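Chemist:
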Amino acid sequence: LSTFDGTRDVFSGVFPHLGLLVSGGNTVLFHMTEDRSIEVVAETMDDAAGEALDKGAKLLGIAYPGGAELEKRAIGGNASAFTFPRAFPNRREMRFSFSGLKTSILYTLNKMSDEEIRTGYTDLCSSYQTAAMEQLVAKTRHALDMENFASLGLSGGVANNKLLRSMLGEMAEERGISFLAAEPHHTGDNAAMIAFAAHVDEMGAGKSESELLTFQPSLRVDQVV
2 LSTFDGTRDV FSGVFPHLGL LVSGGNTVLF HMTEDRSIEV VAETMDDAAG EALDKGAKLL
62 GIAYPGGAEL EKRAIGGNAS AFTFPRAFPN RREMRFSFSG LKTSILYTLN KMSDEEIRTG
122 YTDLCSSYQT AAMEQLVAKT RHALDMENFA SLGLSGGVAN NKLLRSMLGE MAEERGISFL
182 AAEPHHTGDN AAMIAFAAHV DEMGAGKSES ELLTFQPSLR VDQVV
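FYI, the numbering for the sequence shown is 2 to 226, going by my numbering.
(1) Output the distance between the C-alpha atoms of P66 and K56, rounded to the nearest integer angstrom.
(2) With respect to the beta strand (DSSP E) encompassing T28, which residues constitute its N-terminal and C-terminal limits?
(3) Run the CB neighbour count on G68, radius 10 Å, all protein chains shown included, and call it buried at 16 or more, exposed below.
(4) Measuring only the C-alpha atoms, how far is E241 from R142?
(5) Report yes or no: do three or more beta-carbon pairs, one from the region 77-97 and one from the region 116-125, lie closer than 8 Å?
(6) For L181, name the three-state secondary structure that DSSP assigns.
(7) Quick check on S13: buried or exposed, where buried means 16 or more other Cβ atoms within 10 Å of its Cβ?
(8) If A43 sits next to A144, beta carbons under 8 Å apart, how far is it from one beta carbon to the other, in whole angstroms?
(9) Check for me: the beta strand (DSSP E) holding E138 runs from which residue to which?
(10) For the region 25-39 against the region 47-64, do three or more pairs of beta-carbon atoms, one drawn from each stretch, fall closer than 8 Å, so that the two count as touching?
(11) Work out the CA separation of L22 and G157 for me, nearest whole Å.
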């Protein structure tokens, strides 16, 4: 819901909706219907995309968490200079996997001299970032092929990545569907996203007694909406 702006007619014409939630703890594609029910379409089988970006950035000498800084250092780099894996590239298997990506950059760096790393640094950052984003985009494309969705949404901390926003935005435009990307101030903090979702969801806002709530941080997105 953090992809919606909260206006009265915000939900008009956006369902069925395909959402991509990408953060340091989650990588989930989900199908949302008009009654706000959610079905998980795909999720990571190991590391989340944001976690892989942060850990890859750390291996590249960027302070943890470093996903956002990795994006900055990738600017101007050659995304094809280094080959990093995209899990299940030729299959429509609806799962994400980023552990191999993280391992791959470790092996790559171990084989390089300090001078090679220095001269190829920007290309390393760009190639690594692009590998992560292309996997996200490929699985999203497969999901869009499975059903006639009216809109595509992007949320979570990694939603601020300009490359990912651009790639998904272009995909939505090509298909003639709406692209709903959460604003940066709605993606960086979990509590802020939950509060905003309650604000825009008239079906649920204000109807729960807060003192009766229990908290289970590990719940999946389809278990809490």
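All residues carry an ideal CB built from backbone N, CA and C; glycine is no exception.
In this text, all values refer to a predicted model and were calculated from it rather than measured experimentally.
Modeler: Let me lay it out:
(1) Position 65 of the sequence shown, counted from the start, is the residue given in the question as residue 66. Position 55 of the sequence shown, counted from the start, is the residue given in the question as residue 56. Approximately 8 Å, taken between the alpha carbons.
(2) Your numbering for residue 28 matches position 27 in the sequence shown. Counting along the chain, the beta strand (DSSP E) containing T28 begins and ends at T28 to M33.
(3) Translated into the one-based positions of the sequence shown, residue 68 becomes position 67. Its Cβ being crowded by 16 or more others within 10 Å, G68 is buried.
(4) Past the edges of the chain, shown from 2 to 226, lies residue 241, and the structure says nothing about it.
(5) As far as the Cβ criterion goes, the region 77-97 touches the region 116-125, which means the pair count is three or higher.
(6) Residue 181 sits at position 180 when you count from the first residue of the sequence shown. In this structure, L181 counts as strand in the three-state DSSP scheme.
(7) Position 12 of the sequence shown, counted from the start, is the residue given in the question as residue 13. Exposed is the call here.
(8) Looking up residue 43 in the sequence shown gives position 42. Looking up residue 144 in the sequence shown gives position 143. Yes, they are in contact, since the Cβ atoms of A43 and A144 sit about 7 Å apart, within 8 Å.
(9) Against the sequence shown, residue 138 aligns to sequence position 137. One point to set straight first is that residue 138 is Val, not Glu, in the sequence displayed. Run containing V138: none in the beta strand (DSSP E); it sits in the alpha helix (DSSP H), Y122 to M147.
(10) Short answer: they touch.
(11) Your numbering for residue 157 matches position 156 in the sequence shown. Your numbering for residue 22 matches position 21 in the sequence shown. When rounded, the distance between both Cα atoms is 5 Å.
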